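Mapping to full-length UniProt numbering: the sequence shown position 287 is 287, numbers consecutive. We put the beta carbon where it would ideally sit given N, CA and C, even for glycine. Quantities reported herein were computed from a predicted structural model and do not represent experimental measurements.
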Amino acid sequence: MKTTLEQWQLLQAVVSYGSFARAAEAFNRSQSSLSYQLTLMQERLGVTLLTIVGRRAELTASGQQLLAQALPLLQGFEALENRSRALKRGERARLDLVVDSIFPKDRLFSALRCFQQAYPSTQIHLTEVLRSESCTVLQQRQADVYIITPSAEMMRQGKLLLEVNFVAVVRHSHPLLDLPAPLSQDVLMRYPLIEIVSREQQQLPYRQITASENWTFTTIETAIEAVSQGVGYGWLPEERIKNQLACGELKLLPLRQGMRRATPVYLFLNQDEEQLDDETALLVKYIQDAELV
């Protein structure tokens, strides 16, 4: 004969509470009923799971091993029931979030962590995009919340969250740093410029041809690594390279102008703020509050 899920739950309760009486009270059943179920369970398994030490119920070595294997199943079942109750209350099963890859990660995950604590049964599906992809994803309107860098004509539809500072940097041993400062555009054109572009842009046959040598990468992390390895120079998010700047691995380029550039990041919603459900409204609040951290 097989054991039941409830019997394993009762066993876990007895161990957690340390006594049959307290576990029975937690499950709203008599102590004799609980004791019978655990006795039956041990008979079916042919293994002694519990022993009484003083006034406290403790697991035997076999009980510890078996309950340890059962715990993930018990936790999964509890999560399943919690999600079912959340759906019954009308909570969202899922929220879709689109985020520009330049948005500070510590602020993003601070907001998501707070949201997860408030709505553990609501899943977040996050899509990361580059600035060049922002207009397309916003026009598709397939997400609930967008944190993106829009075109100038689209800015009035959103709400400014923050500005991300980009700085012109190069590896500390790059030849550009040996030239007289300030550096002009004519000087920069002699060396590879590291750019961050989408895959679609990278594959365009009619991509703009410039006099400078541009190297394109599709992720910020790879672009940072390329500049750090001395492949070329580029404008990178200052917050993402603060450690490399602090230790001297990367150096600011002494430019005649344009050493720093600010990129605005906006918040867009798929519906009017007054019509947001509770989950989306709280996520938006945490995202907005995160910029103050």
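With 16 or more other Cβ atoms inside 10 Å of its own Cβ, D144 counts as buried. Boundaries of the beta strand (DSSP E) harbouring R260: R260 to L269, taken from the DSSP string. Secondary structure of Y286 (DSSP, three-state): helix. Spanning the alpha carbons of T122 and D278 requires a straight line of approximately 11 Å. DSSP places V15 in the helix class (H, G or I) of the three-state scheme.
For K251, there is no enclosing alpha helix (DSSP H); the residue is part of the beta strand (DSSP E) that begins and ends at L250 to L252.
Distance between T136 and R85, taken at the CA atoms: about 37 Å. Secondary structure of E195 (DSSP, three-state): strand. In this structure, the CA atom of L269 is about 25 Å from the CA atom of I220. Secondary structure at V227: helix, using DSSP grouped into helix, strand and coil. A24 is not a Cβ neighbour of L11, given a cutoff of 9 Å. Contact check for L179 and V170: beta-carbon distance about 11 Å, past the 8 Å limit, so the pair fails to qualify. In the structure shown, T4 falls within a coil segment according to DSSP collapsed to helix, strand and coil.
Out of A246, E273 and R22, the CA that lies nearest to the CA of G158 is found in E273. Per DSSP, reduced to three states, the secondary structure at G76 is helical. Counted as a single uninterrupted DSSP element, the stretch harbouring D186 is not any beta strand (DSSP E) but the alpha helix (DSSP H) occupying residues Q185 to L188.
Per DSSP, the beta-bridge partners of F166 are P237 and R261.
In this structure, L49 lies near G63, with their beta-carbon atoms less than 9 Å apart. Bounds of the alpha helix (DSSP H) holding Y36 are Q31 to L45.
Going by C-alpha positions, Y233 is about 10 Å away from V167.
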